[in-house]
Amino acid sequence: MPIPASRKHHLQSLGLPDDAETIRRARAFALRAGLTLTELGDMAAINPNSLRVFMAGCYDRHHAVESNTLNIRAALKQVMDRFEIANLPPSSGPHYDTADYLAVRKSMWAALEQGTAFLVDGPPGTQKSYTFRRVAEEINRSKLGRAVYIYSRIDHSPQSFLVEACTEAGIPNRGTIDQLMRKLRFFLSGQRALLIVDEAQHLNSKGLEILRQLLDTPPFFGVILGGSHDLSKTIAVWQMEQWRSRLRRTHLLKGLSEAEAARILTGELGPMHPADVAATIQDAHANAKRWETKFTYISARNLFFAIEDARAALDATKRASQVSTPVEILEEAIA
Ligand SMILES: Nc1ncnc2c1ncn2[C@@H]1O[C@H](COP(=O)(O)OP(=O)(O)OP(=O)(O)O)[C@@H](O)[C@H]1O
Ligand SMILES: [Mg+2]
Numbered sequence: 179m180p181i182p183a184s185r186k187h188h189l190q191s192l193g194l195p196d197d198a199e200t201i202r203r204a205r206a207f208a209l210r211a212g213l214t215l216t217e218l219g220d221m222a223a224i225n226p227n228s229l230r231v232f233m234a235g236c237y238d239r240h241h242a243v244e245s246n247t248l249n250i251r252a253a254l255k256q257v258m259d260r261f262e263i264a265n266l267p268p269s270s271g272p273h274y275d276t277a278d279y280l281a282v283r284k285s286m287w288a289a290l291e292q293g294t295a296f297l298v299d300g301p302p303g304t305q306k307s308y309t310f311r312r313v314a315e316e317i318n319r320s321k322l323g324r325a326v327y328i329y330s331r332i333d334h335s336p337q338s339f340l341v342e343a344c345t346e347a348g349i350p351n352r353g354t355i356d357q358l359m360r361k362l363r364f365f366l367s368g369q370r371a372l373l374i375v376d377e378a379q380h381l382n383s384k385g386l387e388i389l390r391q392l393l394d395t396p397p398f399f400g401v402i403l404g405g406s407h408d409l410s411k412t413i414a415v416w417q418m419e420q421w422r423s424r425l426r427r428t429h430l431l432k433g434l435s436e437a438e439a440a441r442i443l444t445g446e447l448g449p450m451h452p453a454d455v456a457a458t459i460q461d462a463h464a465n466a467k468r469w470e471t472k473f474t475y476i477s478a479r480n481l482f483f484a485i486e487d488a489r490a491a492l493d494a495t496k497r498a499s500q501v502s503t504p505v506e507i508l509e510e511a512i513a
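Following my numbering, the numbering of the sequence shown begins with 179 at its first residue and continues without gaps.
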């Protein structure tokens, strides 16, 4: 079904991962969760036939305009992100102190302690959500302040955004925009507080204005805005001057370095032949665009997928070598 022009324009402005990235992630997600495509389609409210054609990589052969996949990509990303947030605490898996992780972590602590704002702009798989959630846990464990992680959804109204902020903060979450803001200020005033808004490109100007007010008035929340490059574009328009003047720093993430990727690979899989390291890292590359410049980068997500694939292949080889021959089975039975 064609997407109305206004909706298409809106979705196009969200900087969604491209078809190839989305297919790769959705395939791994479905495999890991044991989902059929129909089940995945149900979860994301996508027509199963459209999803099948999309996953086969031939959507544009059946549909006129490439951007028709926007709806599918947006719905899939939201489902997969929500699942990871609800089910995978960032402290559960292996952790690596990469340069980007450490830099963003430092800014998050500075935002908390000084009540300032930072922007984190990075393409898919560049450790944004992982860092936000892991450092939020660290802050909350430290008791030196309160970090509230909020995942902003597509078409999130300012009010439901605030409801989510109150829910995440564990405080009463009913009321008008003004009442909700008062609650946040009142209940979080006894300590330093940090609002971390992931996928902040989904906030409209009203939502951003609300955040600015929380930043500017007591108890002076710290704010981290994270998302795709379209977040930087939104902040760059002239009407956003007040926001720009409040940003202490913008982190432009460009993925893992070759050395970091090699360290993670060998840390997870043990010693490897240099040619295998190079080939796996090559496979973890993804494409992105910042302003008008295209670049390739090493996606942490793709690298961890490659590690999972390699582990699965190793397990399969091990199992195959352990399979008994018919003679061995007979001998075992007789013994
Ligand atoms: N420093 C790290 N140590 C261990 N694992 C990491 C690290 N950084 C990222 N990861 C892994 O890489 C995956 C992808 O990172 P993440 O979800 O943070 O990307 P993202 O930038 O939020 O992408 P998107 O824009 O698509 O939402 C995470 O699920 C996590 O498992
Ligand atoms: Mg993310």
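Glycine residues also receive a C-beta, built at the ideal position from the N, C-alpha and C atoms.
Exposed or buried, residue i, counting other C-beta atoms within 10 Å across all chains shown (16 or more means buried)?
i, result
"Trp469", "exposed"
"Asn480", "buried"
"Trp416", "exposed"
"Gln305", "buried"
"Thr412", "buried"
"Lys361", "buried"
"Ala252", "buried"
Does the beta-carbon distance from residue i to residue j come in below 8 Å?
i, j, result
"Ile374", "Val326", "yes"
"Pro272", "Arg312", "no"
"Ala378", "Gly353", "no"
"Ser410", "Thr428", "yes"
"Ala464", "Glu217", "no"
"Ile572", "Pro350", "There is no way to answer for residue 572, as the model of the chain reaches only from 179 to 513."
"Gly400", "Ala289", "yes"
"Leu213", "Pro226", "no"
"Ala295", "Arg426", "yes"
Any idea what DSSP makes of residue i, helix, strand or coil?
i, result
"Phe398", "coil"
"His380", "helix"
"Asn465", "strand"
"Leu218", "helix"
"Thr304", "coil"
"Gly404", "strand"
"Lys321", "coil"
"Thr495", "helix"
"Ala295", "strand"
"Lys284", "helix"
"Leu194", "coil"
Cα-Cα, which of the options is closest to residue i?
i, options, result
"His380", "Ala414, Thr345, Asp333, Ala347", "Asp333"
"Ala437", "Gly212, Asp275, Asn227", "Asp275"
"Gln256", "Asp278, Pro302, Gln292, Arg422", "Pro302"
"Ile402", "Glu291, Leu248, Ile224", "Glu291"
"Leu492", "Ala253, Asp259, Leu447", "Leu447"
"Asp461", "Gln391, Phe261, Pro350, Ile485", "Ile485"
"Gly385", "Arg239, Met359, Leu366", "Met359"
"Glu316", "Gly400, Arg331, Met286", "Met286"
"Asp278", "Ile459, Lys432, Gln357", "Lys432"
"Leu280", "Leu434, Arg497, Met418", "Leu434"
Quick check on the contact list: which residues have their beta carbon closer than 7 Å to a heavy atom of ligand 2? Asp259, Lys306, Ser307, Asp376, Glu377
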